[in-house]
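Here's the structure we're looking at; comments come further down.
Residue numbers (full-length UniProt numbering): 1 to 186.
Shown next as structure tokens:
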């Protein structure tokens, strides 16, 4: 079995286990994900993890090519609203714990931490609202102006030798502190 297939089996195993324990990761354990639906916990988790950054309707069409098996974007969003984001952090940590012996480089683990900004839809009440400088249009006067934007900073912790993500912490751009985040993740 190739390493790729081994990793996919590990991910399947971890997501299956998370689906079985879904009541620990929902807001209303007595009623969330209890009825039989097109999008049960296992399918929801695997669909979400397989998304590639396209619009939701395209992601659902790719995940469920047969229209009779596909749910609406609204149905997906309703299921998503039941789940606490801790679920995906638990899946990440559990998957990383399945790595047998981490590969080392001259006896050390090679780790990288990097922060990347992601734009969110503008919302004047968002905790991620910050001011950014931009050039005025037309560029004749070449002056900078300030405008509001919603940006989230994802600080990502990556194991280079083992090709896996170890952690991810999100911060508002306005209140970012990459050094303390790096210390926290280490």
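For every residue, glycine included, the Cβ atom is placed at its ideal position computed from N, Cα and C. As the structure is a computational prediction, the values presented were derived from the model and not from experiment.
Item, Value
"When 149, 88, 62 and 86 are compared against residue 134, the one with the closest alpha-carbon", "149"
"Residues sharing a beta bridge with residue 53, DSSP", "According to DSSP, which records beta bridges pairwise, residue 53 is partnered with nothing at all."
"7 Å Cβ cutoff met for residue 94 and residue 26", "no"
"Cβ shell of residue 174 (< 7 Å), same chain only, five flanking positions each side left out", "130"
"Residue from 96, 106 and 125 whose Cα sits closest to the Cα of residue 163", "96"
"Segment limits, alpha helix (DSSP H) that includes residue 8", "3 to 20"
"Helix, strand or coil at residue 155 according to DSSP, with G and I counted as helix", "strand"
"Boundaries (first-last residue) of the beta strand (DSSP E) holding residue 119", "111 to 120"
"Closest residue to residue 38 among 23, 64 and 58 (Cα-Cα distance)", "64"
"Boundaries (first-last residue) of the alpha helix (DSSP H) holding residue 76", "73 to 80"
"Where the alpha helix (DSSP H) through residue 97 begins and ends", "86 to 97"
"Proximity of residue 112 and residue 152 at Cβ, strictly below 7 Å", "no"
"Element boundaries [alpha helix (DSSP H), containing residue 180]", "178 to 185"
"Among 88, 60 and 91, the one whose alpha carbon lies nearest that of residue 75", "60"
"Cβ-based neighbour list, residue 182, same chain, cut-off 6 Å, excluding 5 preceding and 5 following", "113"
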